[in-house]
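Student:
Chains as they are written, first to last, in the numbering used here: chain F, 1 to 454; chain W, 455 to 925.
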């Protein structure tokens, strides 16, 4: 089937070139083989397997007119008819003079291997029985556990990326993900208390999967959340966990320096290039060449070669993230951050392995230095990239008193301005933790406003 | 959009006969197969420029099987008898393997056979409308927004439609051949004054056809007006307030915080704070909450769910008392009840799970003026941008689109970046008055990585002692 997809993609490209008025085209096509299980109440709930193909074609005409199509029926006559319809779509489209062209093939792509584990391709759900069993055994760990749910999935992706400029790339990816959510219940001082703990991780290699680590982390978060305290509304020093750092630093900054958001005046990082936006201590890098990195790749999903990028150095913003389209808008080159999936004809912008460089603080020392403050584990809120402000519920956070982490916070919210917290960094941890393709330490902020129900 | 013939499915009586044979061959308790073809349009205009002008055609089928409480699911892009044999075998083997690790040996309760063909009515058939007309409609919205005020700095306008043809076969000889269609317009407008950047979003979705234009023709202008108004908004001071939630925020609360906790899959897995609360008083007897199939045109409208069950009305709260949960075939079988038609799947590649349709608080007897006068001082919370909930503990948070500070029963200051947060059971208990007119909003609800079109609604609702997050 893989060879067939590659052949279909190439034939589709040839067919696109036969239409007068088509200035350029690009195609991504591939096959995904995936399996997953879900756990509910500590037992196996569902098992699922699928093998799918998709081909997405973008056609560009005069004046940047565009038409595109995604198809999952792998029949050449059907694809040819779809291309004919897409050419008609393109002709009836509005102009977009900002479309200046597609990625050009590199003379030489960096010699970087996308992490790929052939084991995953041949793995069946039945082969993962041990992992399912270990999921099912969590409930025996503590009688206060009332529910264990989770997912385990793995997939093998093969794709081809072609365009009318001569980009002709083929690659394979493997991915494994595991997540667990544990709910606990206890009677504390006569009141029934519930608490949730969640942990998840993704991997490229099956041998790296460590279910026990995931379960233990979810369990600890649930256990620690059972005893709850109220806190009065005020500003407190806050230590951000790796999960909170990913939310408030990595995801926020990646979205805020996305050149499309900058161009559309939808980012608080607009006009901040080459300016000091953070404490001297903050260094952020994007490294698509990171050995063993979860998002390591020699090219992006437009065919632009990748390269490491120092995004923030000594608190100064050095670069936005570009794909080919925004590179043209800014009269700059693509930084190799074009992103899309098999079903996508529009190209987004995403970081690869996004790293916050380690500081020299020890977590214990960071906690010991707090007389009264907060350890913020998680909020499920989304930052407002436009205004640069964040306010949301503390989904998981703990009171720190006299240098000791104590009870979970009850019904508390956090409100902050991103520039303020980036400038108010009081310390950066020396240990780095991986969360997906983010590599982050604990970070201590001098003070953040915390509100709570009286 | 391509011609209507693209919706043809090569599924004839031979497939049904083959399915019966496969059930016997693999000794399956229950199966549900869904053959599907779907044609979609996506148009994205950014400040007058075309960003995306796309059609999508997906095609394939899935087989869901149950054996002794074990659950298997497999899907493919290719529709043929030989592929049906292969995918059925994959699904059946997984179900049998799963049964050794399943919690209980339950069976899906059989229902009476039916054979139904259903085509959702469209006033303006999506296949009869040219792509150019769809582009022009969206461009008009985009232009109206950009031209409203020089402080409008950006626009992103989206038009989406889809027509889906699905044939469902179940092991109890229920055959549903349904064609459904929907369209949606979303407008995101940014405004800028000095360093002050604000945004506003408006959307409208319907089931049906291109008659969306009748419902969404002022969307661009509405979003632009709101975005400009937001430039004068001040950050809300975090704290505890008495509030009035507008119908869109109250509808979101009842969907996200309460509705999800009434989905029977979460109830059975004890991941709902309401698991043991049927018959318990949730709040004052003025509170009545419904999830229902709705009417054609409602974005959450559903005639038959993804398991071939006719959608039924579910009375979640009656006079303040928790009455019923929403069910799929599986949850209904486990609890010895009738399925309610809430088993929905995002696509043929997704497993049907318990989802809401049109969920709302029923009106009572207060006018908005009476609510404001009675509130005296507090916050009028308006609509929402996003939200989430933890059904297992009942905790939730919704980020408001905007809010008004109320003093002496009057609006005095527009507020931004406000968040409504709390425990769902406390909030239900603190609802002290309900307005007399219901309004509904539409959206895409996410659960287990699947999206489902839903509507949610409410009248204006007064809630006492609420934590509002802000600066």
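Note that beta-carbon positions come from the ideal geometry of N, C-alpha and C, so glycine has one too. Since we're looking at a predicted model, the values are computed, not measured.
Counting only beta-carbon separations shorter than 8 Å, does residue 730(W) have a partner in chain F?
Tutor: Sequence index remark: in the second chain, residue 730(W) carries index 276 (1-based). For residue 730(W), the answer is no, since every Cβ of chain F falls outside 8 Å of its Cβ.
Student: Looking at chain W, which residues of the region 36–63 of chain F have a Cβ within less than 7 Å of any of its Cβ atoms?
Tutor: 40, 41, 43, 44, 45, 46, 47, 48, 49, 50, 51, 52, 53
Student: Run down chain F in chain order and give the residues with a C-beta less than 7 Å from the C-beta of residue 525(W).
Tutor: One-based indexing of the second chain puts residue 525(W) at position 71. In chain order: 45, 46, 47.
Student: Looking at residue 560(W): is its Cβ nearer than 8 Å to the Cβ of residue 523(W)?
Tutor: On the second chain, position 106 is the one that residue 560(W) refers to. On the second chain, position 69 is the one that residue 523(W) refers to. Closer than 8 Å, so yes.
Student: Scan the region 6–35 of chain F for residues whose Cβ lies nearer than 7 Å to a Cβ of chain W and list them as they occur along the chain.
Tutor: none
Student: Measure from the alpha carbon of residue 225(F) to the alpha carbon of each residue in 414(F), 258(F), 187(F), 232(F), then state which is nearest.
Tutor: Counting from 1 along the first chain, the entry for residue 225(F) is found at position 225. Residue 225(F) has its Cα closest to that of 187(F), out of 414(F), 258(F), 187(F), 232(F).
Student: Going by alpha carbons, who is nearest to residue 231(F) out of 394(F), 301(F), 345(F)?
Tutor: Within the first chain, numbered from 1, the residue matching residue 231(F) stands at position 231. Nearest of 394(F), 301(F), 345(F) to residue 231(F), Cα basis: 394(F).
Student: Taking the C-alpha atoms as reference points, what is the distance between residue 469(W) and residue 570(W)?
Tutor: As a position in the second chain, residue 469(W) is number 15, starting the count at 1. As a position in the second chain, residue 570(W) is number 116, starting the count at 1. Roughly 17 Å between the two C-alpha positions.
Student: Let me make sure I understand the geometry here. Which of 18(F), 27(F), 22(F) has the alpha-carbon closest to that of residue 8(F)?
Tutor: The residue you call residue 8(F) lines up with position 8 of the first chain. That would be 27(F), whose Cα lies nearest to the Cα of residue 8(F).
Student: Do you know whose CA, among 688(W), 836(W), 692(W), 777(W), lies nearest residue 234(F)'s CA?
Tutor: To locate residue 234(F), count along the first chain from 1; it is residue 234. Of the candidates 688(W), 836(W), 692(W), 777(W), the one whose C-alpha sits nearest the C-alpha of residue 234(F) is 692(W).
Student: Starting from residue 623(W), trace the beta strand (DSSP E) both ways and give me its first and last residue.
Tutor: Start at 1 with the first residue of the second chain, and residue 623(W) comes out as number 169. Where residue 623(W) is concerned, the enclosing beta strand (DSSP E) stretches over 606–624.
Student: Just the Cα atoms here: how many angstroms apart are residue 441(F) and residue 189(F)?
Tutor: Here the question's residue 441(F) lines up with position 441 in the first chain. Here the question's residue 189(F) lines up with position 189 in the first chain. Rounded to the nearest angstrom, the two C-alpha atoms are 36 Å apart.
Student: Can you find a C-beta in chain F that's less than 8 Å from the C-beta of residue 607(W)?
Tutor: Position 153 of the second chain, counting from 1, holds the residue named residue 607(W). Yes, residue 607(W) counts as interfacial toward chain F.
Student: Would you say residue 449(F) reaches chain W, if we count a Cβ-Cβ gap shorter than 8 Å as a contact?
Tutor: As a position in the first chain, residue 449(F) is number 449, starting the count at 1. Chain W, which has a Cβ nearer than 8 Å to the Cβ of residue 449(F), makes this yes.
Student: Excluding five sequence neighbours on each side, which residues of the same chain lie with their C-beta closer than 7 Å to the C-beta of residue 608(W)?
Tutor: For this step, residue 608(W) is matched to residue 154 along the second chain. Only 501, 644 meet the Cβ criterion.
Student: May I ask whether a heavy atom of the ligand FMN can be found less than 7 Å away from the beta carbon of residue 302(F)?
Tutor: Absent from the structure shown: the ligand FMN. Ligands present: none.
Student: With which residues is residue 415(F) paired in a DSSP beta bridge?
Tutor: Locating residue 415(F) in the first chain gives position 415, where the first residue counts as 1. 391(F), 449(F), per the DSSP bridge assignment.
Student: List, in chain order, every chain W residue whose beta-carbon is nearer than 8 Å to that of residue 195(F).
Tutor: Start at 1 with the first residue of the first chain, and residue 195(F) comes out as number 195. The answer, in chain order, is 847.
Student: In the DSSP assignment, the beta strand (DSSP E) including residue 67(F) goes from what residue to what residue?
Tutor: Within the first chain, residue 67(F) is the residue found at index 67, counting from 1. Its beta strand (DSSP E) spans residues 66–71.
Student: Tell me the DSSP bridge mates of residue 836(W)?
Tutor: In the second chain, counting from the first residue as 1, residue 836(W) sits at position 382. Residue 836(W) pairs with 856(W).
Student: Determine the direct distance from the alpha carbon of residue 482(W) to that of residue 758(W), and round the result to whole angstroms.
Tutor: What you label residue 758(W) is simply residue 304 of the second chain in a count that begins at 1. What you label residue 482(W) is simply residue 28 of the second chain in a count that begins at 1. Going by the C-alpha atoms only, they are around 24 Å apart.
Student: Run down chain W in chain order and give the residues with a C-beta less than 7 Å from the C-beta of residue 102(F).
Tutor: On the first chain, residue 102(F) is found 102 positions in, with the first residue counted as 1. Neighbours of residue 102(F) in chain W, taken as residues at a C-beta separation under 7 Å, are lacking, since the least C-beta distance is about 15 Å.
Student: Is any beta-carbon of chain W found at less than 8 Å from that of residue 227(F)?
Tutor: In the first chain, counting from the first residue as 1, residue 227(F) sits at position 227. No, no contact with chain W.
Student: Taking the continuous alpha helix (DSSP H) assigned at residue 324(F), which residues delimit it?
Tutor: Within the first chain, residue 324(F) is the residue found at index 324, counting from 1. First-last of the alpha helix (DSSP H) with residue 324(F): 324–329.
Student: Since residue 60(F) is in the beta strand (DSSP E), which residue starts that stretch and which ends it?
Tutor: As a working note, residue 60(F) is residue 60 in the first chain. Note, residue 60(F): beta strand (DSSP E), 43–60.
Student: CB residue 63(F) to CB residue 5(F), shorter than 8 Å?
Tutor: Here residue 63(F) corresponds to residue number 63 of the first chain, with the count starting at 1. Here residue 5(F) corresponds to residue number 5 of the first chain, with the count starting at 1. Going by C-beta atoms, residue 63(F) is not nearer than 8 Å to residue 5(F).
Student: Go ahead and pull the three-state DSSP assignment for residue 299(F).
Tutor: Numbered from 1 along the first chain, position 299 holds the residue referred to as residue 299(F). Here residue 299(F) carries a strand assignment [DSSP, helix/strand/coil].
Student: What would DSSP say about residue 471(W), mapped onto helix, strand or coil?
Tutor: One-based indexing of the second chain puts residue 471(W) at position 17. In this structure, residue 471(W) counts as helix in the three-state DSSP scheme.
Student: Three or more C-beta pairs under 8 Å: does that hold for the region 30–41 of chain F against the region 57–71 of chain F?
Tutor: Between the region 30–41 of chain F and the region 57–71 of chain F there are fewer than three inter-stretch CB-CB distances shorter than 8 Å, so the stretches are not counted as touching.
Student: Whole-angstrom Cβ separation of residue 898(W) and residue 889(W), contact assumed at under 8 Å?
Tutor: On the second chain, residue 898(W) is found 444 positions in, with the first residue counted as 1. On the second chain, residue 889(W) is found 435 positions in, with the first residue counted as 1. Between residue 889(W) and residue 898(W) the Cβ distance is about 26 Å, and since that is not below 8 Å, they are no contact.
Student: Pull up the CB-CB distance for residue 658(W) and residue 670(W), whole angstroms please, since I reckon it's below 8 Å.
Tutor: Indexing the second chain from 1 puts residue 658(W) at position 204. Indexing the second chain from 1 puts residue 670(W) at position 216. So it is a contact: roughly 4 Å between Cβ atoms.
Student: Have a look at residue 844(W) and residue 93(F) and give me their C-alpha separation to the nearest angstrom.
Tutor: Translated into positions along the second chain, residue 844(W) becomes position 390. Translated into positions along the first chain, residue 93(F) becomes position 93. Straight across, the Cα-Cα distance linking residue 844(W) with residue 93(F) is about 44 Å.
Student: In the region 417–451 of chain F, which residues sit with their C-beta less than 7 Å from some C-beta in chain W, listed in chain order?
Tutor: 449, 451
Student: Would you check if the distance between the CB atom of residue 875(W) and the CB atom of residue 851(W) is smaller than 8 Å?
Tutor: Taking the first residue of the second chain as 1, we reach residue 875(W) at position 421. Taking the first residue of the second chain as 1, we reach residue 851(W) at position 397. Against a cut-off of 8 Å, the Cβ pair of residue 851(W) and residue 875(W) comes out as a contact.
Student: Can you pull the chain W residues whose beta carbon is under 8 Å from the beta carbon of residue 132(F), in chain order?
Tutor: For the purposes of this step, residue 132(F) is taken as residue 132 along the first chain, with counting starting at 1. Residues of chain W passing the Cβ test: 555.
Student: Rounded to whole angstroms, how far is the Cβ of residue 879(W) from the Cβ of residue 727(W), which I believe are closer than 8 Å?
Tutor: The residue you call residue 879(W) lines up with position 425 of the second chain. The residue you call residue 727(W) lines up with position 273 of the second chain. Correct: roughly 7 Å between the Cβ atoms.
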